[in-house]
Amino acid sequence: MEKLKFEVSISAPAQTVWSTMLDDAAYREWTSAFNEKGSYYEGDWNRGSEIRFLGPDDEESLGGMIATVEESRPHEFISLRYLGQIVRGVEDRTSDAAKEFIGAHENYSFTEAEGVTSVKVELDGVDEWAAMLNEAWPAALTKLKDLAEAQP
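In this note's numbering, the protein residues as written are 11 to 162.
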(Lines of atoms letter the chains of each structure in order from A and count residues from 1; the text may use other names and numbers.)
(Lines give C-alpha, C1' and ligand atoms only; values in the text may rest on other atoms or scores of the structure.)
Protein backbone atom coordinates (compact mmCIF):
# COMPACT_ATOMS: atom_id res chain seq x y z
CA MET A 1 0.00 0.00 0.00
CA GLU A 2 1.10 3.49 -0.80
CA LYS A 3 0.76 6.41 1.66
CA LEU A 4 -1.12 9.23 -0.05
CA LYS A 5 -1.30 12.78 1.34
CA PHE A 6 -3.41 15.73 0.27
CA GLU A 7 -3.93 19.17 1.78
CA VAL A 8 -6.05 22.26 1.21
CA SER A 9 -6.31 25.63 2.98
CA ILE A 10 -9.85 26.88 3.42
CA SER A 11 -10.77 30.43 4.43
CA ALA A 12 -13.29 29.35 7.04
CA PRO A 13 -13.24 28.26 10.70
CA ALA A 14 -12.57 24.58 11.43
CA GLN A 15 -16.12 24.16 12.77
CA THR A 16 -17.54 25.35 9.42
CA VAL A 17 -15.21 23.11 7.41
CA TRP A 18 -16.01 20.09 9.59
CA SER A 19 -19.77 20.68 9.34
CA THR A 20 -19.60 21.22 5.59
CA MET A 21 -17.49 18.13 5.03
CA LEU A 22 -19.86 15.85 6.95
CA ASP A 23 -23.21 17.41 5.98
CA ASP A 24 -25.15 14.90 3.85
CA ALA A 25 -25.92 17.24 0.93
CA ALA A 26 -22.44 18.81 0.89
CA TYR A 27 -20.78 15.39 1.22
CA ARG A 28 -22.64 14.19 -1.88
CA GLU A 29 -21.38 17.26 -3.74
CA TRP A 30 -17.70 17.28 -2.81
CA THR A 31 -17.31 13.50 -3.14
CA SER A 32 -18.68 13.55 -6.68
CA ALA A 33 -15.00 13.84 -7.63
CA PHE A 34 -14.72 10.12 -6.79
CA ASN A 35 -17.93 8.95 -8.43
CA GLU A 36 -19.71 11.22 -10.90
CA LYS A 37 -22.83 9.03 -10.60
CA GLY A 38 -23.12 9.96 -6.94
CA SER A 39 -21.63 9.13 -3.58
CA TYR A 40 -23.10 9.14 -0.09
CA TYR A 41 -22.59 7.59 3.32
CA GLU A 42 -24.73 5.63 5.75
CA GLY A 43 -23.87 5.76 9.43
CA ASP A 44 -22.33 8.48 11.53
CA TRP A 45 -18.92 9.91 12.30
CA ASN A 46 -18.85 9.06 16.03
CA ARG A 47 -16.00 7.00 17.46
CA GLY A 48 -16.76 3.28 17.26
CA SER A 49 -19.44 3.67 14.59
CA GLU A 50 -19.49 1.64 11.41
CA ILE A 51 -19.92 3.76 8.31
CA ARG A 52 -20.54 2.79 4.69
CA PHE A 53 -19.44 4.87 1.71
CA LEU A 54 -21.75 4.02 -1.17
CA GLY A 55 -22.56 4.81 -4.77
CA PRO A 56 -23.42 3.17 -8.08
CA ASP A 57 -20.62 1.17 -9.68
CA ASP A 58 -19.87 0.84 -13.40
CA GLU A 59 -22.69 -1.70 -13.75
CA GLU A 60 -25.19 0.55 -11.92
CA SER A 61 -25.14 -1.78 -8.89
CA LEU A 62 -24.45 -0.55 -5.38
CA GLY A 63 -20.75 -0.48 -4.55
CA GLY A 64 -18.63 1.01 -1.83
CA MET A 65 -16.52 0.61 1.26
CA ILE A 66 -17.16 -0.28 4.90
CA ALA A 67 -15.14 1.40 7.65
CA THR A 68 -15.12 1.93 11.37
CA VAL A 69 -14.55 5.34 12.92
CA GLU A 70 -11.50 4.71 15.10
CA GLU A 71 -11.20 8.27 16.33
CA SER A 72 -13.39 11.35 16.07
CA ARG A 73 -12.47 14.66 17.70
CA PRO A 74 -14.91 17.28 16.37
CA HIS A 75 -13.29 20.07 14.37
CA GLU A 76 -9.84 18.42 14.79
CA PHE A 77 -9.42 14.83 13.60
CA ILE A 78 -11.15 11.77 12.15
CA SER A 79 -9.55 8.35 11.64
CA LEU A 80 -11.24 5.61 9.62
CA ARG A 81 -10.12 1.98 9.33
CA TYR A 82 -11.46 -0.02 6.41
CA LEU A 83 -13.24 -3.30 7.14
CA GLY A 84 -14.44 -4.41 3.72
CA GLN A 85 -16.25 -3.48 0.56
CA ILE A 86 -19.72 -3.58 -0.97
CA VAL A 87 -19.85 -5.31 -4.37
CA ARG A 88 -23.12 -5.41 -6.33
CA GLY A 89 -24.96 -4.56 -3.13
CA VAL A 90 -23.36 -7.38 -1.10
CA GLU A 91 -21.02 -6.88 1.85
CA ASP A 92 -17.58 -8.46 1.33
CA ARG A 93 -15.07 -8.72 4.17
CA THR A 94 -13.32 -11.94 3.15
CA SER A 95 -12.38 -11.97 -0.55
CA ASP A 96 -8.82 -11.43 -1.74
CA ALA A 97 -9.92 -8.09 -3.24
CA ALA A 98 -11.33 -6.95 0.12
CA LYS A 99 -8.27 -8.16 2.01
CA GLU A 100 -6.07 -5.85 -0.08
CA PHE A 101 -7.33 -2.82 1.83
CA ILE A 102 -8.82 -4.22 5.06
CA GLY A 103 -7.00 -2.43 7.87
CA ALA A 104 -6.10 0.55 5.67
CA HIS A 105 -6.57 3.94 7.29
CA GLU A 106 -7.93 7.26 6.08
CA ASN A 107 -7.24 10.21 8.38
CA TYR A 108 -8.47 13.80 8.28
CA SER A 109 -6.79 16.56 10.30
CA PHE A 110 -8.23 20.07 10.70
CA THR A 111 -5.94 22.87 11.93
CA GLU A 112 -7.23 26.43 12.20
CA ALA A 113 -5.07 29.56 12.37
CA GLU A 114 -6.35 33.11 11.91
CA GLY A 115 -9.63 32.00 10.35
CA VAL A 116 -8.00 29.66 7.82
CA THR A 117 -8.37 25.91 8.24
CA SER A 118 -5.84 23.47 6.84
CA VAL A 119 -7.39 20.11 5.99
CA LYS A 120 -4.88 17.27 5.66
CA VAL A 121 -5.94 13.90 4.31
CA GLU A 122 -3.62 10.91 4.72
CA LEU A 123 -4.59 7.48 3.51
CA ASP A 124 -3.25 4.06 2.71
CA GLY A 125 -3.88 3.68 -1.00
CA VAL A 126 -4.09 0.31 -2.72
CA ASP A 127 -1.64 0.54 -5.62
CA GLU A 128 -4.25 -0.11 -8.32
CA TRP A 129 -6.34 2.84 -7.04
CA ALA A 130 -3.46 5.29 -6.46
CA ALA A 131 -3.68 7.03 -9.85
CA MET A 132 -7.42 7.62 -9.49
CA LEU A 133 -7.04 8.85 -5.91
CA ASN A 134 -4.18 11.19 -6.85
CA GLU A 135 -6.49 12.78 -9.41
CA ALA A 136 -9.75 12.73 -7.45
CA TRP A 137 -8.62 13.92 -4.01
CA PRO A 138 -7.35 17.36 -5.13
CA ALA A 139 -10.60 17.89 -7.08
CA ALA A 140 -12.67 16.79 -4.07
CA LEU A 141 -10.80 19.11 -1.71
CA THR A 142 -11.28 22.03 -4.12
CA LYS A 143 -15.03 21.34 -4.09
CA LEU A 144 -14.99 21.12 -0.29
CA LYS A 145 -13.11 24.45 -0.14
CA ASP A 146 -15.66 26.13 -2.41
CA LEU A 147 -18.59 24.79 -0.37
CA ALA A 148 -17.10 25.75 3.02
CA GLU A 149 -16.04 29.22 1.89
CA ALA A 150 -19.58 29.86 0.59
CA GLN A 151 -21.08 29.27 4.06
CA PRO A 152 -22.35 32.41 5.85
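Glycine included, every Cβ here is placed at the ideal spot set by N, Cα and C.
Bear in mind the structure is a predicted one, so any value in this text is a computation, not a measurement.
Whole-angstrom distance between residue j and residue i, CA atom to CA atom
{"i": "L154", "j": "N117", "result": "16 Å"}
{"i": "F63", "j": "S49", "result": "7 Å"}
{"i": "S59", "j": "G125", "result": "30 Å"}
{"i": "W55", "j": "I61", "result": "7 Å"}
{"i": "T152", "j": "G94", "result": "28 Å"}
Whole-Å CB distance - residue i paired with residue j, under 8 Å assumed
{"i": "F120", "j": "V131", "result": "With 8 Å as the limit, F120 and V131 do not qualify as a contact, their Cβ atoms being about 10 Å apart."}
Own chain residues within Cβ distance below 8 Å of residue i, not counting five before or after
{"i": "E159", "result": "I20, S21 and A22"}
{"i": "A108", "result": "G94, Q95 and D102"}
{"i": "L157", "result": "T30, A36, E39 and W40"}
Residues that residue i bridges to, as DSSP identifies them
{"i": "F63", "result": "Y51 and M75"}
{"i": "G94", "result": "I76"}
{"i": "V131", "result": "F16 and Y118"}
{"i": "V100", "result": "V97"}
{"i": "V126", "result": "A123"}
{"i": "S21", "result": "According to DSSP, which records beta bridges pairwise, S21 is partnered with nothing at all."}
{"i": "S29", "result": "Beta-bridge pairing links S29 to no other residue."}
Nonlocal neighbours in the same chain, by C-beta distance under 7 Å from residue i, ignoring five residues either side
{"i": "V97", "result": "G73"}
{"i": "Q25", "result": "H85"}
{"i": "W28", "result": "P84, H85 and F120"}
Where residue i sits in the DSSP three-state scheme
{"i": "S82", "result": "strand"}
{"i": "E110", "result": "coil"}
{"i": "S105", "result": "coil"}
{"i": "E145", "result": "helix"}
{"i": "E69", "result": "coil"}
{"i": "S119", "result": "strand"}
{"i": "S42", "result": "helix"}
Short CB-CB distance (under 7 Å) between residue i and chain B
{"i": "A150", "result": "Looking at the structure shown, chain B is missing, and only one protein chain is on hand."}
Close beta carbons around residue i, own chain, < 6 Å, minus the five adjacent residues each side
{"i": "I76", "result": "R62, L93 and G94"}
{"i": "E17", "result": "K130"}
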